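Numbering (the working numbering), first residue to last: 12 to 119.
Data block below; observations after.
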Ligand SMILES: N[C@@H](CCC(=O)N[C@@H](CS)C(=O)NCC(=O)O)C(=O)O
């Protein structure tokens, strides 16, 4: 499957990392300045994710309402792995501590 675009409908939506390994598609509501967004991106990049679709709520304010409606959360980042709403940076870091993040990032 070609990389890029919004993951919808299935966690089978995927991209490839720089080693050609299939990875789940990542979508993240974010701002350009938020430290938690930066940490989330750093963690994802460290895991080999090369493509993150950023939905910039600072650049496009109506996206914030969409984020709240979609996630029930008001803070950024809000991270999706495929169609799975993971939550914020702390939630994703907790998944990593529990050893569950790598398998989620690997597309089935
Ligand atoms: N525990 C959250 C903290 C996220 C957070 O505090 N984000 C700030 C920006 S860095 C935010 O969205 N603040 C807006 C608000 O609290 O309404 C996480 O790890 O994602």
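The C-beta atom is built at its ideal place from N, Cα and C for all residues, glycine as well.
Given the structure is predicted, the values throughout are model-derived calculations rather than measurements.
For residue 104, the secondary structure class from DSSP, reduced to helix, strand or coil, is helix.
When rounded, the separation of the alpha-carbon atoms in residue 108 and residue 43 is 26 angstroms. Shown here for residue 47: same chain residues with a beta carbon closer than 8 angstroms to its own, the five before and five after excluded, namely 86, 87, 88, 99, 100, 101 in chain order. Residue nearest to residue 77 within the set 45, 39, 110 is 39 (criterion: CA-CA distance).
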